[in-house]
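Engineer: Going by numbering that gives the first Met the number 0, the first residue of the sequence shown is number 0, and it counts up by one from there.
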Amino acid sequence: MEETKNNNPIEEARRYVANAEEIIKKAKYDPELKCYTDSKYIKAAGDYLWKGCLIALDAVLQVRKGKGRPSIEKYKEAARKRDGKLLNSINIGYDTMHLYMGYDGTRNKKTCDSGFEYANDIIGRCATMLPVPVCA
């Protein structure tokens, strides 16, 4: 896993997803049961996925104002005003990445795969919403 600081929030968010991919590779998978056998790696991967999404969302939605951390409700409200599809992805992605993977450590492979899909969807949507930098 890389340790460099990146000024591009979308690249940084994608780096978190790449790190989550490396982490989940360490989880043993049982193809017969269609699930992972160790939730420790699922929890870590879910946390990385959600943190990557927050980096992208912070760049687009600008909800980190003042002291303290914003609640998920602030992200949802800002997304509701900006893009309904992004809001839908946040709703499902939050449950999948943060709750099912990060907290619960679900071992279900389909759930974990969908966590990666929603992370990539959220980050991709945020990438299209950022202004294009003008080169001098």
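Just so you know, even glycine gets a beta-carbon here, dropped at the ideal spot from N, CA and C.
#1: For T36, which option in A118, K108, Y117, S113 has the closest C-alpha, if you only look at C-alpha atoms?
#2: Under a three-way DSSP split, which group does D29 fall into?
#3: In chain order, what are the residue ranges of uninterrupted beta strand (DSSP E) at least 3 long that sit wholly in the region 94-124?
#4: What distance in whole Å lies between the Cβ atoms of N90 and K75, which are believed to be in contact at a cut-off of 8 angstroms?
#5: What do you reckon, are the CB atoms on M96 and C52 nearer than 8 angstroms?
#6: So, using beta-carbon positions, are V62 and K80 closer together than 8 angstroms?
#7: Which residue's Cα is closest to the Cα of I41: C111, N119, E116?
#8: What three-state label does DSSP hand A135 in the structure shown?
#9: Taking only the alpha-carbon atoms, compute the straight-line gap between N6 and E31 and give it to the nearest angstrom.
Structural biologist: Taking the geometry as given:
#1: K108
#2: strand
#3: none
#4: 7 angstroms
#5: yes
#6: no
#7: C111
#8: Per-residue confidence for A135 stands at a pLDDT of 49, beneath the threshold of 50, marking its modelled position as unreliable; the derived number appears in the next sentence. Three-state DSSP puts A135 in coil, outside helix and strand.
#9: 43 angstroms
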